[in-house]
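Heads up, the thing below is written out as structure tokens.
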Amino acid sequence: MTGTESRIDTANGSGSGSGTGTGTGTGTGTRSGTGSPTDIPTVSAAPTAPAPSTARQARAGLAETARFVATHTLPVFVRGVVSPRFKVVSAYAALDQYGWSAATLRAMRKRHGGAPVTVRGLSGQMLVLFDPEDIRQFFEEPVRTLAMDAEDKLKGLGGVEPTGVICSHGDLREDRRKVNDEALAWGSPVHPACDRYQAVVEEESRPLTGHTVLDFEGVRRCLARISRRVVLGDRAADDVELAGWLRTLRDEGNWMGLRKSRTEANKAVYAKASERIAAYAADAPAHTLAARALAHPAPEGADPLGQVHHWLLAIDVAAPVVARTLLLLAGHPAEQDAAHADAVTGAPGLPRLRACVQESVRLYPIVPDLVRVTRAETEWRGVRHPAGTSVLVPIGFHQRDPERVPAGDLFVPGRWLEPDADRDTRMAPFSHGGGRCPGDQLALLLTSAVCAQVLRGHRITGGRPAVDPHRPLPGTLDTAATRLRLTPRRDPE
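Residue numbers (numbering that gives the first Met the number 0): 0 to 492.
Dropping the structure here:
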């Protein structure tokens, strides 16, 4: 699971493993919405000129800093760092806010020759990375050195999942990460409870095709019920009260602790939600994530049920991913036909549909900014930085930048079918190395299965907002306005 639709990095980190392959997948797929999916020509990423050997740190000037804050960091806060404010997202889509941010980052990269740049954000100084080699180092650094519990994350998630692995460090983080690994079956391509989860998806997805138009609210209700059933069991399916408590905590997390008067009230809400979760977990079926978390002895302080808050959040925020994936398929008929074939034949793992989901998350990441904090002195381009340095990778910008990623602003699911594409550090839908999401395979299982249920018997003949397969895709989609017209298929089975 990718964590939350947060502008701060909320992907769970992996245990102690570090290092990833460099990956050079060039991408295959369809360049337009007509015809059959075909390979696109091999294109090499634009070469990066080697940085000059210098020990001087690049620093953003006053005007450059003001532009960075106005077009990148402030819009992130306004949009919501934990739970997206969909009205703000709609406005950003209309105003092309992503275009402003991308232009700022592109100008900063050019001015400083791709070197890491020290810039002051809303919460202090941070080191912004632009060069592929620096980004690769970012992913390869051990989590004990480049930690995930940066101050901004604690401000946003401290009230949502205070004992979650993302808000932890050191040995305690490793203990909590182990709980996540065991429950989510980290490292296994097929979750042990795969069949049970697919049955839940099939049952909960039926209402999606009950009308000729599928909207975002329908998708969101579907994923919310799937989330509660997969994590807590069938008894929790209709618990909208629990959902409301969790929504309150997430919305408050958007304020990053600024509303001090709400602190005690939020603690009370968290306590109520935790008590309800514990009640469900007490007799949850063995296949649920809560039961799996409790199935193994956990060291003191690991708080297995404390991890449930994150899992519920992670599956809930898969709703925008499903909606955007279906919307993109509506605008790319050839890719939709290929995905439909996957759904009808029941291809093991639904590889084409999973690739469509991965491509959707690459274009519209749940976590567009990866933020870490150093716990020891680190060196970047020959410049040493002390412990406590915040490091930012604007991965949402990098992984759709046509200068680095071939056809970066187009929908090309085939790129994810290339060997080792999942290890290509130019793209990080689920991060890499020590920070990789341990629920990535489960997230792909659930989201691709929901898409398959929609596509198996229906063709999406119209989608709003409209996307043009022949032009670069917009940087932001008005997800809440998604409306998909469904037409029953007459294809022979």
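The beta-carbon is built from N, C-alpha and C at its ideal position, and this holds for glycine as well.
Among residues of its own chain, excluding the 5 on either side of P487, which ones have a beta-carbon nearer than 7 Å to its beta-carbon?
Within the sequence shown, numbered from 1, the residue matching residue 487 stands at position 488. Counting only Cβ-Cβ distances below 7 Å, and skipping sequence neighbours, we find G456, H457.
Considering Cα atoms alone, identify which of G232, A264, R119, L257 is closest to W244.
Along the sequence shown, read from residue 1 onward, the residue named residue 244 stands at position 245. Measuring from the Cα of W244, the nearest candidate turns out to be A264.
Sort G395, Q96, H111 by Cα distance to R58 and report the nearest one.
By 1-based counting over the sequence shown, the position of residue 58 is 59. Checking every option, the nearest Cα to that of R58 belongs to H111.
Contact between the segment 440 to 459 and the segment 365 to 374 is defined here as three or more beta-carbon pairs at a separation below 8 Å; is this criterion met?
Result no; under three Cβ-Cβ pairs closer than 8 Å.
Buried/exposed call for P466, threshold 16 Cβ in 10 Å:
Translated into positions along the sequence shown, residue 466 becomes position 467. Looking at the sequence shown, residue 466 is not Pro but Val. The residue is buried, with at least 16 neighbouring Cβ atoms inside 10 Å.
Using the rule of at least 16 other Cβ atoms within 10 Å of the residue's Cβ for burial, across every protein chain shown, is P412 buried or exposed?
As a position in the sequence shown, residue 412 is number 413, starting the count at 1. Classification for P412: buried.
Where DSSP assigns a beta bridge to D214, which residues make up the other side?
Taking the first residue of the sequence shown as 1, we reach residue 214 at position 215. According to DSSP, which records beta bridges pairwise, D214 is partnered with R482.
Alpha carbon to alpha carbon, how far is T460 from S273? Give it in angstroms, no decimals.
Indexing the sequence shown from 1 puts residue 273 at position 274. Indexing the sequence shown from 1 puts residue 460 at position 461. When only Cα atoms are considered, S273 and T460 end up about 43 Å apart.
Does L121 pass the burial test, meaning 16 or more other C-beta atoms within 10 Å, or should it be called exposed?
Here residue 121 refers to the residue found at position 122 when the sequence shown is read from its first residue. Per the 10 Å Cβ criterion, exposed.
Reduced DSSP secondary structure (H/G/I, E/B, other) of V411:
Here residue 411 refers to the residue found at position 412 when the sequence shown is read from its first residue. Coil, per DSSP.
Would you list, in sequence order, the uninterrupted alpha helix (DSSP H) runs of no fewer than 4 residues that lie entirely inside the segment 81 to 122?
85 to 94, 96 to 110
In angstroms with no decimal places, state the Cα-to-Cα distance between G169 and V343.
Start at 1 with the first residue of the sequence shown, and residue 169 comes out as number 170. Start at 1 with the first residue of the sequence shown, and residue 343 comes out as number 344. Roughly 46 Å separates the two Cα atoms.
Quick check on D238: does DSSP put it in helix, strand or coil?
If you number the sequence shown from 1, residue 238 lands on position 239. In this structure, D238 counts as coil in the three-state DSSP scheme.
Thinking C-alpha only, which one of A192, F396, G157, G123 is nearest M255?
Indexing the sequence shown from 1 puts residue 255 at position 256. It is G157.
In whole angstroms, what separates the C-alpha of L472 from that of G155?
Position 473 of the sequence shown, counted from the start, is the residue given in the question as residue 472. Position 156 of the sequence shown, counted from the start, is the residue given in the question as residue 155. One C-alpha to the other measures close to 30 Å.
What's the call for L241, buried or exposed, on a 16-neighbour Cβ count within 10 Å?
Position 242 of the sequence shown, counted from the first residue, corresponds to residue 241. By the 10 Å Cβ count, L241 comes out buried.
Considering only the beta carbon of each residue, do V88 and P393 sit closer than 8 Å?
Sequence index remark: in the sequence shown, residue 88 carries index 89 (1-based). Sequence index remark: in the sequence shown, residue 393 carries index 394 (1-based). Between V88 and P393, the gap from beta carbon to beta carbon reaches 8 Å or more.
Look at the alpha carbon of S359 and the alpha carbon of T475, and state the distance between them as a whole number of angstroms.
Along the sequence shown, read from residue 1 onward, the residue named residue 359 stands at position 360. Along the sequence shown, read from residue 1 onward, the residue named residue 475 stands at position 476. For S359 and T475, the distance between alpha carbons rounds to 12 Å.
On the DSSP letters alone, give me the boundaries of the alpha helix (DSSP H) that T344 sits inside.
Reading the sequence shown from its first residue, position 345 is the one you call residue 344. First-last of the alpha helix (DSSP H) with T344: 332 to 344.
Residues bridged to A146 [DSSP beta-bridge criterion]:
For the purposes of this step, residue 146 is identified with residue 147 of the sequence shown, where counting begins at 1. A146 is bridged to V372.
Look at the alpha carbon of P385 and the alpha carbon of R435, and state the distance between them as a whole number of angstroms.
Here residue 385 refers to the residue found at position 386 of the sequence shown. Here residue 435 refers to the residue found at position 436 of the sequence shown. In a straight line, the C-alpha of P385 is about 24 Å away from that of R435.
Please report the residue range of the alpha helix (DSSP H) in which E402 lies.
As a position in the sequence shown, residue 402 is number 403, starting the count at 1. Neither: E402 is in no alpha helix (DSSP H) and is coded neither H nor E.
P74 (DSSP reduced to helix, strand or coil):
For the purposes of this step, residue 74 is taken as residue 75 along the sequence shown, with counting starting at 1. Reduced to three states, the DSSP call for P74 is helix.
Does the Cβ-Cβ distance between R371 and V404 come in under 8 Å?
Taking the first residue of the sequence shown as position 1, residue 371 is located at position 372. Taking the first residue of the sequence shown as position 1, residue 404 is located at position 405. In this structure, R371 sits away from V404, with a CB-CB distance that is not shorter than 8 Å.
Alpha carbon to alpha carbon, what distance is there between L443 and P188?
Your numbering for residue 188 matches position 189 in the sequence shown. Your numbering for residue 443 matches position 444 in the sequence shown. C-alpha separation (whole angstroms): 10 Å.
Quick one: what does DSSP say G28 is sitting in, helix, strand or coil?
Here residue 28 refers to the residue found at position 29 of the sequence shown. Note that G28 scores a pLDDT of 39, beneath 50, so its modelled location is shaky; the value from the coordinates is reported in the next line. The answer is strand: DSSP assigns G28 an E or B state.
Determine the direct distance from the alpha carbon of V159 to that of G252, and round the result to whole angstroms.
For this step, residue 252 is matched to residue 253 along the sequence shown. For this step, residue 159 is matched to residue 160 along the sequence shown. Taking the Cα positions, G252 is about 7 Å away from V159.
Pairing CB atoms from the segment 338 to 358 with CB atoms from the segment 302 to 316, are three or more of them under 8 Å?
no
So, helix, strand or coil for R58, using DSSP?
Position 59 of the sequence shown, counted from the first residue, corresponds to residue 58. Three-state result, R58: strand.
Name, in chain order, the residues that DSSP records as bridge partners for V390.
On the sequence shown, position 391 is the one that residue 390 refers to. According to DSSP, V390 bridges with L126, R371.
Between R220 and R246, what straight-line distance do the alpha-carbon atoms span, to the nearest angstrom?
As a position in the sequence shown, residue 220 is number 221, starting the count at 1. As a position in the sequence shown, residue 246 is number 247, starting the count at 1. Using only the alpha carbons, I get a separation of about 13 Å.
Straight-line gap, L485 to L153 (C-alpha atoms, nearest Å)
On the sequence shown, residue 485 is found 486 positions in, with the first residue counted as 1. On the sequence shown, residue 153 is found 154 positions in, with the first residue counted as 1. Between L485 and L153, the C-alpha separation is close to 42 Å.
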